[in-house]
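Numbering (this note's numbering), first residue to last: 179 to 487. Yeah, the Cβ is synthetic: ideal placement off N, Cα and C, and Gly gets one too. Quick caveat: nothing in here was measured; it's all calculated off a predicted structure.
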Amino acid sequence: MRQLEYLVAAARAGSVSGGARMLNVSPSSVFLAIDKFEEEFGIHVFVRQRASGLALTTDGKRAIERTIRLLDEVRAFQSELTTEGDHLEGGVEVACFSSLSPNILPQVIRDMQTRHPGIVVNLREGDMIGIQDDLRSGMVDLLLSYDNGMPEDFELEILADAPPHAVVAASNPLARQDVVSLEQLVDRPLLLLNLPQSSRYAVGLFERAGLRPRDIRRVASFEMVRSAVAANLGVAVLNIKPLTDRTYSGLEVACRPIVPQHHVPRIVLATRKGGGLGRNALAFAQCCTAFFRTEAAKSLFVHPPVPEP
């Protein structure tokens, strides 16, 4: 089982040395585990590339996915039988949608280190398709993302509703309103985060309301969207709000709820269906759940006002 863990670590790190660092073992131990596995099953798991480390072969990808599922079962079995206290050590592999991670994961990881200082959280960030592939293939244990487009072969724990809100420059007249409508945004340049799922979601909000944005501009990063909006280059629709309205540029934005609400995505923690979570992954999931009960988590979202009875 230890050699299988070495093999998986090398696949996750993309190199022998990286896998060795993850498990605090010597590179020669990881080399030996790879050689023994390939000899035992008669397949090439990796192509060794001098400049870029290890690349999985087609047979190797299938073997690693199956090995990770096997290790999932072993960890779940150990977790069910272990009763010796709460001391945990080792690592947990987590993937997160890139626009969520800076606003959520640092605080979750901080709480995780306070409760379980022996656990190291290894984080992957990316777009929704890429991180879903990471979870499905077993490269990560858990996935934090929106529920939009989440496949049926994942189990989901709902953590929070994330209603869409408008982001406008602090100098924009819309900033003086308590709420805004999509009709008020549709004729202004719409700045979209240049990720497929994010763009489709934002444009889809307008289409559900029978509207079509006339001027769409795609921006590379979450913070660049906010900074461009702050400079009054357009407006944006986002689902999460950083603690401060001041952007990297020094200018400020205003975040206003959109009414009426047409589609409210949820932030979820996803795991492989039928795959048991090890104790480390379960501890991380518990820290996520606890974070979303805090006032800090509630401040990340812009909810529309509750109508008076």
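| query | result |
| --- | --- |
| Counted within 10 angstroms of its Cβ, other Cβ atoms place P483 as buried (16 or more) or exposed | exposed |
| Check whether K451 and D331 have beta carbons under 7 Å apart | yes |
| Touching by the beta-carbon criterion (3+ pairs, under 8 Å), the segment 308 to 325 and the segment 387 to 405 | no |
| Residue range of the alpha helix (DSSP H) that includes L322 | Segment 320 to 324 is the beta strand (DSSP E) holding L322; no alpha helix (DSSP H) there. |
| C-alpha gap between Q227 and A233, whole angstroms | 7 Å |
| At least 3 beta-carbon pairs within less than 8 Å: the segment 333 to 348 vs the segment 423 to 442 | yes |
| V397 vs A406 beta-carbon contact at 7 Å | yes |
| Bridge partner(s) assigned by DSSP for A233 | V225 |
| Straight-line Cα distance separating M402 from F384 | 22 Å |
| 7 Å Cβ shell around H481 - same chain, five flanking residues per side excluded | P341, P435 |
| Beta carbon of A461 nearer than 7 Å to that of F469 | no |
| When F479, N458, A353 are compared against R293, the one with the closest alpha-carbon | N458 |
| Neighbour flag for Q355 against chain B, beta carbons, 7 Å | You won't find chain B in this structure, because it holds only one protein chain. |
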